[in-house]
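Structure, as structure tokens:
Number of protein chains: 2
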Amino acid sequence: MGRTATGEHPSPWRSTRQRAAVLQALLDSGEFVSARQLHAELTSAGSLVGLTTVYRTLRMLEQEGHLDVVREQSGERLYRPRPSDGHRHYLVCRECGLSLTVDAEAVENWAEAMTRKTGFSDIEHVVELTGICDRCRRPGPEAIPEPRPREAGCD
Amino acid sequence: MGRTATGEHPSPWRSTRQRAAVLQALLDSGEFVSARQLHAELTSAGSLVGLTTVYRTLRMLEQEGHLDVVREQSGERLYRPRPSDGHRHYLVCRECGLSLTVDAEAVENWAEAMTRKTGFSDIEHVVELTGICDRCRRPGPEAIPEPRPREAGCD
DNA sequence: TTCGTTGCAAAAGGTTTGCATACCA
DNA sequence: TGGTATGCAAACCTTTTGCAACGAA
Numbered sequence: 164m165g166r167t168a169t170g171e172h173p174s175p176w177r178s179t180r181q182r183a184a185v186l187q188a189l190l191d192s193g194e195f196v197s198a199r200q201l202h203a204e205l206t207s208a209g210s211l212v213g214l215t216t217v218y219r220t221l222r223m224l225e226q227e228g229h230l231d232v233v234r235e236q237s238g239e240r241l242y243r244p245r246p247s248d249g250h251r252h253y254l255v256c257r258e259c260g261l262s263l264t265v266d267a268e269a270v271e272n273w274a275e276a277m278t279r280k281t282g283f284s285d286i287e288h289v290v291e292l293t294g295i296c297d298r299c300r301r302p303g304p305e306a307i308p309e310p311r312p313r314e315a316g317c318d
Numbered sequence: 164m165g166r167t168a169t170g171e172h173p174s175p176w177r178s179t180r181q182r183a184a185v186l187q188a189l190l191d192s193g194e195f196v197s198a199r200q201l202h203a204e205l206t207s208a209g210s211l212v213g214l215t216t217v218y219r220t221l222r223m224l225e226q227e228g229h230l231d232v233v234r235e236q237s238g239e240r241l242y243r244p245r246p247s248d249g250h251r252h253y254l255v256c257r258e259c260g261l262s263l264t265v266d267a268e269a270v271e272n273w274a275e276a277m278t279r280k281t282g283f284s285d286i287e288h289v290v291e292l293t294g295i296c297d298r299c300r301r302p303g304p305e306a307i308p309e310p311r312p313r314e315a316g317c318d
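Sequence order for the protein chains is A and B.
Going by my numbering, the letters in the first sequence line up with residues 164 to 318, in that order.
Going by my numbering, the letters in the second sequence line up with residues 164 to 318, in that order.
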């Protein structure tokens with residue numbers, strides 16, 4: 164999807180309290196979070212930001228390539244700030260949302276090879292890995308509290 | 164996500180005109196189709212089936228493991244009958260919906276290796292490849308009619 | 001002052017559910 | 001006949017958009 168030719172912002176961001184708050188919450192979370200979650204955290208932290216603004220900010224960041232996005236089974240989108248250039252692949256815990264960056268070189272190579280072998284062009288790939296992390300598995304079945312709403316993380 | 168322990172249906176399907184029609188339309192299409200598309204095809208073919216029934220039938224088939232499901236950018240789900248046991252990976256044309264089954268052994272192996280290396284268990288993977296197929300690319304930019312609603316295929 | 005940004009409310013788009021009716025077994 | 005399946009309408013959920021008021025530069 165369109166990449167900015169020059170890398171310059173078409174129009175400079177205007178720094179506002181709301182955008183700073185959304186970005187900060189995103190960075191604080193450290194894990195994949197949904198727009199709704201982000202909005203809830205901001206609200207409970209006393210930083211009143213409209214849900215619309217959360218969505219708009221996330222969309223802008225996504226379009227600028229600053230976020231990685233994965234999709235839940237439900238179709239809900241989860242966002243995470245992109246650590247560096249180029250996209251990454253994650254292994255996300257279904258219980259607590261803990262995410263690991265995984266080496267996806269094999270997949271990258273494979274996807275690239277597909278371009279040549281299939282006659283398709285502009286191939287994009289989405290790879291989503293989910294599992295149960297070590298810490299979520301440790302407690303016995305009766306000790307597991309609940310399928311937490313992916314809040315804080317396993318720690 | 165629960166796998167049926169015995170493989171038996173909890174309650175036997177009742178064969179109805181509607182279910183037969185949905186299944187037939189699904190098999191006829193051969194490509195990934197959305198519920199809405201399926202419903203439209205059934206309707207225009209004179210086989211009156213409620214959209215609700217289409218969704219319910221697809222959900223049942225999915226839960227039984229008879230379908231592969233990919234997700235569009237929009238979040239819309241596309242269904243395709245699963246050719247055989249075990250899941251497959253597809254390369255889907257963003258223009259026309261043409262899909263190719265691709266060799267995903269590399270990804271399978273990679274996903275499996277992750278299980279051992281990360282401490283995660285029950286790893287599930289979603290791999291979605293999209294691109295522009297050879298035929299959709301051929302016509303010059305001015306010859307491309309429209310971003311067709313993924314109807315019949317490239318032909 | 002200017003024009004991008006915000007936020008409410010409402011729309012949009014896809015999917016699910018409640019409930020009375022129709023129909024398979 | 002009994003209980004499942006159907007289908008309409010409405011609910012749901014997430015995301016987007018219209019528009020008037022707000023606020024950063």
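Every residue, glycine too, gets a C-beta built ideally from N, C-alpha and C.
All of these numbers come straight from a predicted model, not from anything done at the bench.
Count the other CB atoms within 10 Å of the CB of residue 264 of chain A; is the residue buried (16 or more) or exposed (fewer)? What you label residue 264 of chain A is simply residue 101 of the first sequence in a count that begins at 1. Exposed, by the Cβ-count rule.
What whole-angstrom Cβ distance do residue 261 of chain B and residue 194 of chain B have, given they're in contact under 8 Å? As a position in the second sequence, residue 261 of chain B is number 98, starting the count at 1. As a position in the second sequence, residue 194 of chain B is number 31, starting the count at 1. Right, the Cβ-Cβ distance comes to about 6 Å (below 8 Å), so this counts as a contact.
For the alpha helix (DSSP H) containing residue 270 of chain B, list its first residue and its last residue. Here residue 270 of chain B corresponds to residue number 107 of the second sequence, with the count starting at 1. Where residue 270 of chain B is concerned, the enclosing alpha helix (DSSP H) stretches over 268–281.
Residue 287 of chain B lies in the alpha helix (DSSP H); which residues open and close that run? Here residue 287 of chain B is taken as the residue at index 124 of the second sequence, counted from 1. Counting along the chain, residue 287 of chain B falls outside any alpha helix (DSSP H), though it belongs to the beta strand (DSSP E) covering 284–295.
Proximity of residue 223 of chain B and residue 176 of chain B at Cβ, strictly below 9 Å: Looking up residue 223 of chain B in the second sequence gives position 60. Looking up residue 176 of chain B in the second sequence gives position 13. In this structure, residue 176 of chain B lies closer than 9 Å to residue 223 of chain B by Cβ.
Alpha carbon to alpha carbon, how far is residue 258 of chain A from residue 291 of chain A? Give it in angstroms, no decimals. Locating residue 291 of chain A in the first sequence gives position 128, where the first residue counts as 1. Locating residue 258 of chain A in the first sequence gives position 95, where the first residue counts as 1. Cα to Cα, residue 291 of chain A sits roughly 15 Å from residue 258 of chain A.
When DSSP builds the beta bridges, which residues end up paired with residue 242 of chain B? As a working note, residue 242 of chain B is residue 79 in the second sequence. Answer is B:196, B:232.
If the criterion is Cβ atoms closer than 9 Å, does the pair residue 229 of chain A and residue 245 of chain A meet it? Locating residue 229 of chain A in the first sequence gives position 66, where the first residue counts as 1. Locating residue 245 of chain A in the first sequence gives position 82, where the first residue counts as 1. Yes, these two residues count as a Cβ contact at 9 Å.
Could you tell me which residues DSSP puts in a beta bridge with residue 252 of chain B? For the purposes of this step, residue 252 of chain B is identified with residue 89 of the second sequence, where counting begins at 1. Answer is B:265, bridged to residue 252 of chain B.
Could you check what DSSP says for residue 227 of chain A in three-state terms: helix, strand or coil? Working through the first sequence from its first residue, we reach residue 227 of chain A at position 64. Correct three-state label for residue 227 of chain A: coil.
Whose CA, out of A:184, A:282, A:289, lies closest to the CA of residue 298 of chain B? As a first step, residue 298 of chain B must be located in the second sequence, where it is residue number 135. The candidate whose alpha carbon is nearest that of residue 298 of chain B is A:282.
Once you ignore the five residues that flank residue 217 of chain B on each side, which residues in its own chain have a CB closer than 6 Å to its CB? Reading the second sequence from its first residue, position 54 is the one you call residue 217 of chain B. Cβ within range, chain order: 185, 198, 201, 202.
Anything in the region 278–294 of chain B with a Cβ closer than 9 Å to a Cβ of chain A? List those residues in chain order, please. 278, 280, 281, 282, 283, 284, 285, 286, 287, 288, 289, 290, 291, 292, 293, 294
In chain A, what lies closer than 8 Å to residue 263 of chain B by C-beta? Looking up residue 263 of chain B in the second sequence gives position 100. The contacting residues are 281, 283.
Verify the CB distance criterion: does residue 198 of chain A have a CB-CB separation below 9 Å to chain B? For the purposes of this step, residue 198 of chain A is taken as the residue at position 35 of the first sequence. Not one chain B Cβ lies under 9 Å of residue 198 of chain A.
Scan the region 232–251 of chain B for residues whose Cβ lies nearer than 7 Å to a Cβ of chain A and list them as they occur along the chain. 234, 238
When you compare the CB of residue 259 of chain A with every CB in chain B, is at least one pair closer than 9 Å? Translated into the one-based positions of the first sequence, residue 259 of chain A becomes position 96. No, because no Cβ of chain B sits closer than 9 Å to the Cβ of residue 259 of chain A.
Starting from the beta carbon of residue 320 of chain B, find every residue of chain A whose beta carbon is closer than 7 Å, and list them in chain order. Summary: the structure shown does not reach residue 320 of chain B, with chain B confined to residues 164 through 318, and so no result is reported for it.
Would residue 208 of chain B pass as an interface residue toward chain A - the criterion being a Cβ-Cβ separation below 9 Å? Stepping through the second sequence from its first residue, residue 208 of chain B is reached at position 45. So no, residue 208 of chain B is outside the interface.
By a C-beta neighbour count over all protein chains shown, 10 Å radius and 16 as the cutoff for buried, is residue 294 of chain A buried or exposed? The count along the first sequence starts at 1 and reaches residue 294 of chain A at position 131. Burial call: buried.
Cβ-based neighbour list, residue 235 of chain B, same chain, cut-off 7 Å, excluding 5 preceding and 5 following: In the second sequence, the residue the question calls residue 235 of chain B occupies position 72. If we look at residue 235 of chain B and ignore the five residues flanking it on each side, its Cβ neighbours are 241.
Using a Cβ-Cβ distance under 9 Å, would residue 273 of chain B count as near chain A? Residue numbering aside, residue 273 of chain B sits at position 110 when the second sequence is read from its first letter. Yes, residue 273 of chain B counts as interfacial toward chain A.
In three-state DSSP terms, what is residue 201 of chain B? As a first step, residue 201 of chain B is located in the second sequence; it is residue number 38 there, counting from the start. DSSP places residue 201 of chain B in helix when its eight states are reduced to three.
Quick one: does the C-beta of residue 258 of chain B sit closer than 8 Å to a heavy atom of the ligand SAH? The ligand content of the structure shown is nil, which means the ligand SAH is not present either.
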